[in-house]
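Novice:
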Amino acid sequence: MAFLRTLGRVALVVLVGGLLAHALIVFAPGYSADERELDPGLTAETREAMLKEKSQDSRLISSYSRFLLGLSHGDFGTSRSLGRPVRELLSDRLPTTLTTIGKAVVLGWLLGLSLALVCCFKTGSPIESAGIMTSNLLLCVPAAVLALLLLIWVDSRATAAVWVVALALTPRVFRYSYNLLRQSYDSPHILLAKAKGLGPLRILFHHVLPPAAGQLIALAGVSVSLGLSASIPAEVILDVPGIGQLAWQAALSRDLPLLVSLTFFVALVGTTANAMSDHLVEQEASS
Amino acid sequence: MKRLPEILLAVLVLVMLCAPWLAPNGYEKQSRDFIAVGPTKDFLLGTDALGRDRFARLLFGSRLSLLLAPAAAAVSVFLAAVIGALAAFSGKRLESAIIFFSDVALSLPWLFLLLTIRGAMPLDIRPEVSIVITFLVLGLLGWAGPARIVRAGVRLILKSDYIFQAKAMGIAPSRTFFRYILPNIKPLLIAQFWISLPVFILSEANLGALGLSVSEPMPSWGNLLKELESQTSALEHPLANWQLLAPIVLLVAVVSLLQLSQQRLKGSS
Amino acid sequence: MTPFLLAFFLAASPAELTPGKIQTGGELRFAVPSEPKALHPLQVTDESSELVRYLISGSLVRLNRVTQKIEPELAESWKVTDSGLQITFQLRKGLKFSDGAPFDAADVIFTINKLMDKSLVSPIAESFRPAVGSVITKAIGPNVVSVRFPVYVAGMERLFSGLSILSSRSPLKEAAGLGPFMVAESKAGAHIRLAKNPNYWRKDASGRQMPYLDAIRIEFLKNRDIELLRFQKGEFDFVSNIEPEAYEKLKANPTVTALDLGASLDTQQIWFNQTPAAPIGAHKKEWFTSQSFRLAISETINRKDMARVVYHGYGVPAVGPVSPGNSFWYASKLKPAEFQPQAALARLQKDGFKMFGDQLKDKQGNAVEFTIVTNAGNKVRERLAAMIQADLRQIGIKVTVAAMDFPSLIERIMRTFNYEACLLGLVNLDLDPSSQSNVWLSSGSSHAWNPNQKTPASPWEAEIDKLMRQQGSEVDPNKRKASFDRVQEIAAQQTPIIYLINKHTLVATSPKLKNLKPAILSPHMVWNIEELYFAEGAQRAAK
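Protein chains in written order, with this note's numbering: chain A, 1 to 287; chain B, 1 to 269; chain C, 1 to 543.
1. Does P20 (chain B) come within less than 8 Å of chain C when only Cβ atoms are used?
2. Ignore the nearest five residues each way along the sequence and tell me which others in G139 (chain B)'s own chain have a CB closer than 6 Å to its CB.
3. With distance defined between alpha-carbon atoms, name the residue in B:E128, B:A97, B:F60 and B:G142 nearest to S203 (chain B).
4. Quick one: residues in its chain with C-beta nearer than 6 Å to the C-beta of V254 (chain B), no 5 flanking neighbours on either side, listed in chain order?
5. Interface residues of chain A around M156 (chain C) at Cβ under 7 Å?
6. Return the CA-CA distance between Q394 (chain C) and P341 (chain C), expressed in angstroms with no decimal places.
7. Could one say the Cβ of I132 (chain A) lies closer than 8 Å to chain B's Cβ atoms, at least one of them?
8. Between the C-alpha atoms of P171 (chain C) and I56 (chain C), what's the straight-line distance to the nearest angstrom?
9. Who are the near neighbours of P36 (chain C) in its chain, counting only those whose CB is closer than 6 Å to its CB and skipping five residues on each side?
10. Report the rounded CA-to-CA distance for L113 (chain A) versus R54 (chain B), giving the unit in angstroms.
11. For V132 (chain C), count the other beta carbons within 10 Å of its own beta carbon; 16 or more makes it buried, fewer makes it exposed. Which is it?
12. Would you list the one or two residues that DSSP bridges to W271 (chain C)?
13. Would you mind stating whether G221 (chain A) and R155 (chain B) have Cβ atoms separated by less than 8 Å?
14. Tell me, please, whether the stretch 192 to 200 of chain A touches the stretch 164 to 181 of chain A by the rule of three or more beta-carbon pairs shorter than 8 Å.
15. Run the CB neighbour count on C289 (chain A), radius 10 Å, all protein chains shown included, and call it buried at 16 or more, exposed below.
16. Check whether the stretch 182 to 195 of chain B touches the stretch 143 to 152 of chain B, counting contact only when three or more Cβ pairs, one atom from each stretch, lie closer than 8 Å.
17. Can you give me the start and stop residues for the beta strand (DSSP E) that T123 (chain A) sits inside?
18. Output the distance between the C-alpha atoms of R76 (chain C) and V44 (chain C), rounded to the nearest integer angstrom.
19. Using the Cβ count rule (16 or more neighbours within 10 Å means buried), how would you classify H206 (chain A)?
20. Could you compute how far the alpha carbon of R294 (chain C) sits from the alpha carbon of D124 (chain B)?
21. Quick one: list the residues of chain C neighbouring V37 (chain A), beta-carbon separation under 7 Å, in chain order.
22. Relative to the C-alpha of E235 (chain C), which candidate in C:E27, C:L506 and C:S446 has its C-alpha closest?
23. Do you know offhand how far V399 (chain C)'s Cα is from D186 (chain A)'s?
24. For R347 (chain C) and A296 (chain C), I'd like the C-alpha separation in whole angstroms.
25. List the DSSP bridge partners of T374 (chain C).
26. Please check if any C-beta of chain A sits within less than 8 Å of the C-beta of T257 (chain C).
27. So is D103 (chain B) in contact with chain A if we call contact Cβ pairs under 8 Å?
28. Tell me the DSSP secondary structure of S91 (chain A) in three-state form.
29. Ignoring anything shorter than 4 residues or poking outside the stretch 160 to 209 of chain A, list the alpha helix (DSSP H) runs there in chain order.
30. Just to confirm, are L513 (chain C) and F238 (chain C) a CB contact at a threshold of 8 Å?
31. Output, in sequence order along the chain, the residues in the stretch 376 to 400 of chain C whose CB is closer than 8 Å to any CB in chain B.
32. I'd like the span of the alpha helix (DSSP H) that includes T134 (chain B), first residue to last.
33. Buried or exposed: where does A15 (chain C) fall if 16 or more other Cβ atoms within 10 Å of its Cβ makes it buried?
34. Just the Cα atoms here: how many angstroms apart are L150 (chain A) and E382 (chain C)?
35. Could you name the residues that DSSP lists as bridge partners for A386 (chain C)?
36. Answer with buried or exposed for H189 (chain A), where buried requires no fewer than 16 other C-beta atoms within 10 angstroms of its C-beta.
Shown next, in the form of structure tokens:
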């Protein structure tokens, strides 16, 4: 029952997200424009036809319900800028991006969490300051610079993209977990446990992590959305043929069917991840 | 030496305020016979592709960003705290509604809203106004992710023993919030603040690519970092032109110093 | 670089690229910035598709990119008759499509009939479809075909150089081609691989089957930095259209050959909005429609500095719509606008403009300031804008630069006309001025400063209209040139478009690749693809 309710909620987010995305795109400036218009070779007739096709989309509800109707037959429409069925484009590129994000989320968490633990164990030492500075540095370096630097050491662009996304997640994971763990460590019962002479690992797993767990799980859910958005610059800069690159191309050419489908995808993945982490948080809270 | 972070910060702020005297070249003067030169006596950090003094651009560019980015970060943290806490505190209905909206907000292509905002502003908008609007929008849009984490934190606290005790003792919810809950979610909010600060500065640069934010010839921290992108080339060792890294070094220094002094303040309170 | 040195460089370079004995085999690799959108040769709208089309299909005639002259291809000869209304092609005999289907007059007729389908949106289809009447094609024999247009088309054979001939009989339909290569594999978003067409018709002087290369692998790569990095590692065999800064770095690399091919056809330009319906102030419209105002702005822009600073010397101040790279149509007697800010100021003062402190005001006392819109994310254009801004400041004019993404920009300059001035670059692919009709005719939709006029807004626009029609209906090329020279002259006097710079075409290649004849016309490096080969032992195995 709870599962069905969650499923319904995910579906609702996807539908409403799609509608709002549709509205945002159609009413943003430049929607009716087409790069081909700059070509002096096109006749007035062709220009008219291009404009007419796009002006239909400004009748939001009818245009969106047409899209949904197609969707119910498994038809995501045809990309306007690439001239290929959206479903084909998505299924071509989906594996690349899902692999990238999957690897990057694991890597980002490993790096971020271990950095946070090291900093907590070595409070007040230069190691802690160095850890904080590293995380700040990662936040301050533009993705493009990071990507080009990585290419000095990494030959494969797909691997470099995993690192760019992972290194975008690392400082965020670090910051949250570091602050949470520090708070845990400072609480009275830990001081008591330390005084009792409990081992550091025992303290960590039995007394420090549990109170922070709920929030870290929530962060894990959100980090999927964060990874998705970080994959856009990473894939664009490194020319990795994934969903992120596709999204950027679609945005620049105002490719409505493609953009709405991509919003569906982002909403689906993000909401599912969040729902799963919510579920875990509930269990944590009731245990 | 304990006050070193504060002293260094004060020096930096002073240097930025004295920019007109320290960098008499100004940020827009194009010395077209000195294109992309390395550091010299006249140009401490060399010049950019149009012969403009990098040092002057860094000082002038830091001024607005240093003021506005923390303000925007504070706005987003405040919204996340209020919305997240409200979700955890309120009844089932409001909570689902908030979760629903945060999920939707995390999925939408906000880029198009930003384009619409730019389209609605006059073309010759003053750069100062434009950058304020940009940071405001960034602050307003960044709540959804952190709000979820705040909510998770608050829920855990609400289940804990001392809140039960507080309830049993008839303590008013608002008092419970300020006395017990806020201190417990503070680490989250502070973490969010420190993440948002540099992220917003970078976002400002990326929005510059859409015509939002400052326009030529005005520098901002964001567009100086962005410039680094066009100068980092895979053809060259990144440290071949060390002076190009100055904006990153300064930004990391400022953020780290702010954090150190905040931690010290927290430690002493 | 002085013209003399340039000439020396150009003369020296091709010789260096062509020594040695011809070797067959190997896979050529290079990158293009985007994925081809259409593999149907008649539906090509983007550059990458155009490149692939060029490599996999054959046309009746071909434009030699170096001599800029039309040469025989599938047709061994042709004749234009009936005062330019009819063209008759004599086709080569015994040719086969890539799948073995025979080629004859029926295929040409089939292809031209396909173009008449109104739902086909592509520059090639539109240039063949007449506004009134219809195109009549006739097979005079199995290898002779005539095409008759209802109205005169200037430089008609040029039109056919871009038309891929489809097979009327092949079961593969448009996938069967007459080009040196054919599509072997295509991976969406990543690359496309072309394999040698075993049925390609051309043989070299010694009777050897062309092309010499076994395969071509074209990767889709937007990031120029990564492209250059991989080129230097030997993963790509050439790069074209290099930015000046990167070119200088490549020049310093002894393992690659960097070549400056001289001025390209591309222009960078700025124009003022003169559209009557534009939602901008009346006083600004008055400035923008004034010839002396536009001239004064043009004279205050330091083009030499632009060429030196932004293009590192690999650019020339532009004269007008036709670059010196277009050898026949360039109006050589015109000179770029002189940089003379003081004379420009005097010109403005004669019109009642006055300096107040460091601010110029018009005769009603309005401060002279305007906004230049341009597309964001283009480094070169952003720098040009910042230079214009600094130059105009000298005569008290305040310029704001507003960069925006391309769709927003197009909407402003082509629909809402809510802009004051626009800075944009134009990529010219065609040498013939007829391709610019839509720009120069006052009724044209690409008549940037005031498009789609019912009747010409000014006497000089009326004169340009007349001259454009004249050059379009004239058979004698020299008379056509005289008319278009006059158009360029009026354009220089009136400066509705302020032309800034023609950048050089910069390319670099691996010294292992032989027989290259790099040209400023696209496809710069591979237009003679069937002749290219790798030096002995340097062939990369085709996977």
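Beta carbons: idealized from backbone N, C-alpha and C, even for Gly.
Specialist: On the basis of the coordinates in this document:
1. no
2. A72, V75 and S76
3. B:G142
4. none
5. Per Cβ cutoff of 7 Å: no residues; M156 (chain C) is ~16 Å from chain A at best.
6. 8 Å
7. yes
8. 17 Å
9. S48, S49 and V52
10. 37 Å
11. exposed
12. C:C422 and C:I497
13. no
14. no
15. Any property of residue 289 (chain A) remains undetermined from this structure, which presents chain A solely from 1 to 287.
16. yes
17. Premise fails: T123 (chain A) is in no beta strand (DSSP E) and is neither H nor E.
18. Before going on, a small fix: residue 76 (chain C) reads as Glu here, not Arg. If I take the Cα positions, the gap works out to 26 Å.
19. exposed
20. 20 Å
21. Strictly speaking, residue 37 (chain A) in this sequence is Glu, with Val absent from that position. Those within 7 Å of E37 (chain A) in chain C are I410 and M414.
22. C:E27
23. 58 Å
24. 7 Å
25. C:A403
26. no
27. yes
28. helix
29. 188 to 196 and 200 to 203
30. yes
31. A376, G377, K379, E382, R383, A385, A386, M387, Q389, A390 and T400
32. P127 to L141
33. Below a pLDDT of 50, predicted positions are generally treated as unreliable, and A15 (chain C), at 41, falls in that range; no measurement from the model is reported.
34. 28 Å
35. DSSP output for A386 (chain C) lists no bridge partner at all.
36. exposed
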